[in-house]
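Chemist: Next up is a structure, given as structure tokens.
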Amino acid sequence: MAPHFRQRRSVLLNASGGSGRGKGRGLLTPCLVGFCTVLAVVTACLLATLLLLHHQLKLFPDERPGLVDLGKDLDEQLRAVEGHEMWAMERVRAGLNVTGASLEEKVAWLLRHGQRLRAARIILDYERAVAANASVAEASTAAPSTSPTAAAAPAPTDTTSTTAWSTSAPTAPPERSPNAEPLEETEIISDPLRPLEVEAVVLSPAKSEAGVEAWRRVPRLAEDVLPDRYDLVLQPDLKAGTLSGKVSITMRVLAPRRDVWLHALHMYINEVTLALVRPNATAEAEAAQAVQAAQAAQPSETPGTGPDWCSRAPGGLKVNETVLWAATQFLVVRLDCLLVPGVYDLHISFTGSLLTEGRGLFRFAYKSTDNTTRYIATTKFEPTYARLAFPCFDEPAMKASYKVRLVKPASQEYIALSNSDVLGQVTDTATNLTTVEFTETVKMSSYLAAFIVCDFEKDQENKTMSSGKPVNIYARHEQIDNTKEALNVAYYAVNFYADYFKIPYPMPKVDLIAIPDFVSGAMENWGLITFRETSVLFDPVENSKGNQEAISETVAHELAHMWFGNLVTMKWWTDLWLNEGFATFMAQKSLSHMHPDWDYNNQFIVDTMLSILKLDSELSSHPVLQEVSSPDQITEIFDTISYDKGSSVIVMLEAFMGEDKFAKGLHTYLNTHQYRNAETADLWRSLQDYAPPNVDVAKVMDTWTRQMGFPVVTVTTTGPGKYVLSQKRFLSNPEATYDPSTSKYGYKWEIPIFIATSVSKSYELYWLDSTQEKLDITVESSVQWIKINHHQTSYFRTNYDDAGWSALIGALTQDATQIDAIDRAGLISDAFSLADAQQITYGRALDLTKYLVNEKELVPWDAAGTAIATLLQRLPQSEPLKKYAISLLKPIVSSLTWSAGASDGHLTRRLRTLVLELVCSLDDAQALSQANSLFSSWLNGGPKPDPDIRSVVYRYGLGASDNVDQWNNLFETKFKKETNTQERAKLMAALAATPNVESLKKYLDIAKDESIIRSQDYFTVLGYIANNPKGEQLVWDFYRDQYDYLLKRFTLNDRTFGRFIVRVTGKFDTETRLTELKSFFEQHPDAGAGTAARKQALEGVENRIKWLATHKKAVEDWLGQNA
């Protein structure tokens, strides 16, 4: 039990000590009265209870439970649950009976879908019905009964141990179904933020039917306690690695309750107190009426007289107990009395740790230019790690403002940064510490708060937004010169977004900071964006065009979050795609505007949309809108579905709405919900006003976001210029089975379709509705070919009949440029995916590639490179495959050469990197010889290769020899001494390319040393080694043998660790490997944030085994005839 003490506030709550049996003072100060009749006592108690219920239910008069025939009312409510369409759909999907579920299951389901009031009614009615039955049984028995029912029904004596919603009934609760959903894992997918005037009925103070408090089992915060403001002081001790702090949280209590719970994890709570700022006037008056009625009946010292309200006498509210409950990561403040609704200040003093492996507020060390060890502290709170730094309401809808003070070393070389501007600072000469105070922030979610104490420098170039607010960037002294590119992108992007959304940037400044060891690529803390160094630092002389694109995309992505995610935040993590999908989409839009010569919108289609179609064609995928509750589930959905599929369906949405109307809809959405929370349905409502005639945005987009997968549209030629289109779900494994009833939409989609033909590239929009069996399209009878999904803006695959494919292949062979480059890329991607799924022959897909000898553009080669690399992975020893692919590449390789020309544009340089990497992977002797020559020359003191081809030269130069001395030389003289972060990343990959097994073993051991390989890069290195044919077995053995080490170091909540299983098994294609994988999962059943990844790994191995059995011979036969 934590100690409690008095607060400084003048208006305080206090409660006397005692056993918790209703001995509160103040509002319920005992008023001694004369003897009362039994009837008077009963009447007063009933009146108090009804007044309390009236207060709790007054805003929902139509939902107020009836007082007649309670058993019948309960039955009706239970039947209503079973008759709900969503209940039936979820029960069928889970393999459970629709009817016959237990009361506990139904209440859990209602809670999960936000129906707290209805759940409260069911429990209340159940209690009343049971109590009524018990009273009838007691009245009908003149003498004491020895029957089990009577014996099991003693009257409760402790009236303060539970609230009015306690389910401690005098008879046993209903028997729990063996298929019942465990309440300990209850998922409450609802809006935990209610307006100030709403006083919601919640189950938070109640016990479950088994007598377990809600905070022990429900993973969500209560809806009736809302934070408004944090006043926070944090003192990180950089040398000791410890943290101390104090937080005062101003919060609203919307309904009477006996406890308050918030999040806190891995910290020690020193002191807790609670102070009333002001009560809710209406609630106070009603409570007073209840008290007067109870006092008129009997002295309040007698148990059972009504609610024991907390006193408002000076001295503060006595905290009965504080509990840190690890299972739900809650700090619970328990009281002896009942809080009146109102505004409170919760004060907590705490200590914690900075040694939290890149989460929460954490410390890391780096070596300065003089080789001294320096420490800094920074934060990473998303999604559920703010609770590691300070006690808080750590859910996205619990928005509040932040008043922050950070304590730092007094030395001038140390600075403190937070979300807002510095207001002032005070130095304590006795402790040699400086307290830096920041201006109060706007209301924001806890995961967006940021606190940094470091010795970094600010780039002195002054960048100011069009609104006059500064744009700054910070980095280590030795890296500050490499921040110019990111600063320019940030400056451009923040102005672009303000203009595009027609909403000014909300915060007083935006800071970017490069962190040497950061678990994510970047984090969009509002006003203070943190980046991994490789995601933000760029040297135009030393680094490649690919590096420039990558850091530009990351910076633009994080700046987009300042509106999508920060200004308007999803209500719950189910709608994560509203943050990540839109930030991904807006990044490509801003970069396409900033760099029109990059063709970035088409690069995005190939790298993002065509890529995610592969994962989404498997049964192990999931919908964009994914229900989650636990921290592991939440961190797991930060995946390519949320980012890439989310952004891809937005591309489609913009395409059928039109750019201007789409932008207006986004402005409406952001303007309507700014500084608040929203969900997907809110976005659809905002866009609907600007939608094309007869298009229901929600109806269309729900089919893309609320069910996984996507369709294949089949095109059948019925005559000159006449075509019939139909749809069905596309699965990469044609033998995969699924139940269409598991989706409300039956795995049918509302499909917007643009077409191009040999005579027209019109932008006429067609719709293939989910209820249509087919769509007839008529074009000019002179059309030679038709391309469905013009410019690949819609999220589906397209298959053609033999005539359609023949016409398209003929057009590519005759003159590929008559089909736009992005459509050529789409045809390549579709053809090989359809061949994998046995919807066309592999011969047809390979026939399509013959035209590539004349291809000169980046995006088609990008798609072709993916197809060739996939074939090479499945047939790594196939000489005919290598010979054929090299023949396709020779013309473009000869044209580009290994040297950059002064006139080479951005896309030319990007294309050079791609095709040289591809031809080297095919073991082309000439290319490998050139790579080795350039590598050896540089390793022995010669000039560095051109930045755009360095990754190719390093990897294939070292890979050409198993010379141990060469590996050691690269490691000791190049890698360890390299200071450029992008260059260091290339060398890190190259070191894993050696064919020398002993060097790979050495690299595995070295990777554990965080002074050499930072924690952020650990699984990257292991992945590089696993990708080496000589390293695959090493890493698989290491992963299994050292699993306990990995688990202890990274924990199951680490999504990078969880997903690594997909990487290490990415080439497994035998039954033996499949057996090994299943055996490992059986030995280690708890997957944490890697649950979905395990499913993907298993499905991937099974599909590769099937591919070899189905396609290997067909591919080899075609190659035998054509290579």
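Numbering (the working numbering), first residue to last: 201 to 1323.
Beta carbons: idealized from backbone N, C-alpha and C, even for Gly.
Using DSSP with H/G/I as helix, E/B as strand and the rest coil, what is D976?
Modeler: Three-state result, D976: strand.
Chemist: Kindly list the residues whose CB is nearer than 6 Å to the CB of L737, restricted to its own chain and excluding five residues on each side of it in sequence; keep chain order.
Modeler: So the qualifying residues of the chain are Q679, N682, A714, T1181.
Chemist: So R968 and T905 are in contact, right, with Cβ under 8 Å, and what is the actual spacing, rounded?
Modeler: The displayed chain sequence assigns Leu, not Arg, to residue 968. No, L968 and T905 are not in contact; Cβ-Cβ is about 18 Å, not under 8 Å.
Chemist: Could you give the residue range of the alpha helix (DSSP H) that holds Q1166?
Modeler: Looking at the DSSP string, the run of the alpha helix (DSSP H) that includes Q1166 is 1164 to 1169.
Chemist: In this structure, what does DSSP give as the bridge partners for V604?
Modeler: V604 pairs with L432.
Chemist: Buried or exposed: where does Y566 fall if 16 or more other Cβ atoms within 10 Å of its Cβ makes it buried?
Modeler: Buried, by the Cβ-count rule.
Chemist: To test your reading of the DSSP string, which unbroken beta strand (DSSP E) runs of 3 or more residues are found completely within the region 719 to 775?
Modeler: Entirely contained in the region 719 to 775, the beta strand (DSSP E) runs reaching 3 residues are, in chain order, 728 to 732, 768 to 770.
Chemist: Could you check how far apart the C-beta atoms of G1300 and V1264 are, in whole angstroms? I think they sit under 8 Å.
Modeler: Contact flag wrong, Cβ pair sits at about 11 Å.
Chemist: Measure the CB-CB distance between Y1333 and S601 and report whether it falls below 9 Å.
Modeler: Summary: the structure shown does not reach residue 1333, with the chain confined to residues 201 through 1323, and so no result is reported for it.
Chemist: Going by CA-CA distance only, name the one from A526, N894, Q907, K1177 that's closest to L819.
Modeler: Residue Q907 is the option with its Cα nearest to L819.
Chemist: Pick out the complete alpha helix (DSSP H) segments inside the region 639 to 708, 4 residues or longer, and give them in chain order.
Modeler: Runs of the alpha helix (DSSP H) inside the region 639 to 708: 684 to 701.
Chemist: Would you mind listing the beta strand (DSSP E) stretches within the region 1182 to 1221 that are 3+ residues and don't spill past its ends, in chain order?
Modeler: Listed in chain order, there is nothing to give.
Chemist: In the DSSP assignment, the alpha helix (DSSP H) including C1120 goes from what residue to what residue?
Modeler: Its alpha helix (DSSP H) spans residues 1106 to 1121.
Chemist: DSSP state of K1306, grouped into three classes?
Modeler: It is helical.
Chemist: Assign S568 to buried or exposed, taking buried as 16 or more other Cβ atoms, counted over all protein chains shown, within 10 Å of its Cβ.
Modeler: Result: exposed.
Chemist: Among the residues of its own chain, which have a CB less than 6 Å from the CB of L1118, if the five just before and after it don't count?
Modeler: So the qualifying residues of the chain are G1065.
Chemist: Under a three-way DSSP split, which group does M451 fall into?
Modeler: M451: strand per DSSP, three-state reduction.
Chemist: For F1175, which of V912, A1189, N1163 has the nearest alpha-carbon?
Modeler: The residue with the shortest Cα to Cα distance from F1175 is A1189.
Chemist: With DSSP as the reference, please indicate the residues paired to L531 in a beta bridge.
Modeler: BP columns for L531 point to L462, L524.
Chemist: Compute the Euclidean distance between the alpha carbons of E964 and E854, then round it to the nearest angstrom.
Modeler: Their backbone Cα atoms lie some 15 Å apart in a straight line.
Chemist: Quick one: using the 10 Å Cβ neighbour count with 16 as the cut-off for buried, is Y995 buried or exposed?
Modeler: By the neighbour-count rule (16 or more Cβ atoms within 10 Å), Y995 is buried.
Chemist: Cβ of A649 within 9 Å of Cβ of T578?
Modeler: Their beta carbons are not under 9 Å apart, which means A649 does not touch T578 by this criterion.
Chemist: For the alpha helix (DSSP H) containing R587, list its first residue and its last residue.
Modeler: From DSSP, R587 is part of no alpha helix (DSSP H); its letter is neither H nor E.
Chemist: Within its chain, find whatever has a CB closer than 6 Å to the CB of G234; leave out the 5 residues flanking it on each side and keep chain order.
Modeler: Low confidence applies here, because G234 scores a pLDDT of 39, under 50, leaving its location unreliable; read the following figure in that light. Excluding positions up to five away in sequence, the list is empty.
Chemist: Which residue's Cα is closest to the Cα of P945: T971, P952, S829?
Modeler: Going by the sequence as given, residue 945 is Tyr instead of Pro. Nearest C-alpha to Y945: T971.
Chemist: At what residues does the alpha helix (DSSP H) containing Y1243 begin and finish?
Modeler: First-last of the alpha helix (DSSP H) with Y1243: 1243 to 1250.
Chemist: Determine whether the beta carbon atoms of Y154 and M809 lie at a separation below 9 Å.
Modeler: Absent from the model: residue 154. The displayed extent of the chain is 201 to 1323, so no value can be given.
Chemist: Report buried or exposed for K1186, applying the criterion of at least 16 other Cβ atoms within 10 angstroms of its Cβ.
Modeler: Under this definition K1186 is a buried residue.
Chemist: Identify the continuous beta strand (DSSP E) that holds P796 and give its terminal residues.
Modeler: Neither: P796 is in no beta strand (DSSP E) and is coded neither H nor E.
Chemist: How do the region 723 to 733 and the region 838 to 846 stand: do at least 3 beta-carbon pairs fall below 8 Å, yes or no?
Modeler: Because the criterion of three Cβ pairs below 8 Å is not met, the region 723 to 733 and the region 838 to 846 do not touch.
Chemist: When you compare only the Cα positions, how much space is there between K845 and S811?
Modeler: Cα to Cα, K845 sits roughly 9 Å from S811.
Chemist: Is F550 helix, strand or coil when you go by DSSP?
Modeler: It is a strand residue.
Chemist: So, for A756: in the same chain, excluding its five sequence neighbours on each side, which residues have a beta-carbon less than 7 Å away from its beta-carbon?
Modeler: Excluding sequence neighbours, A756 sits near V689, A693, A787, S790, L791.
Chemist: Quick check: the region 622 to 639 against the region 669 to 676, are at least 3 beta-carbon pairs closer than 8 Å?
Modeler: No, the region 669 to 676 does not touch the region 622 to 639.
Chemist: Residue range of the alpha helix (DSSP H) that P831 falls in?
Modeler: Start and end: 831 to 836.
Chemist: Is D816 helix, strand or coil by DSSP?
Modeler: Helix at D816.
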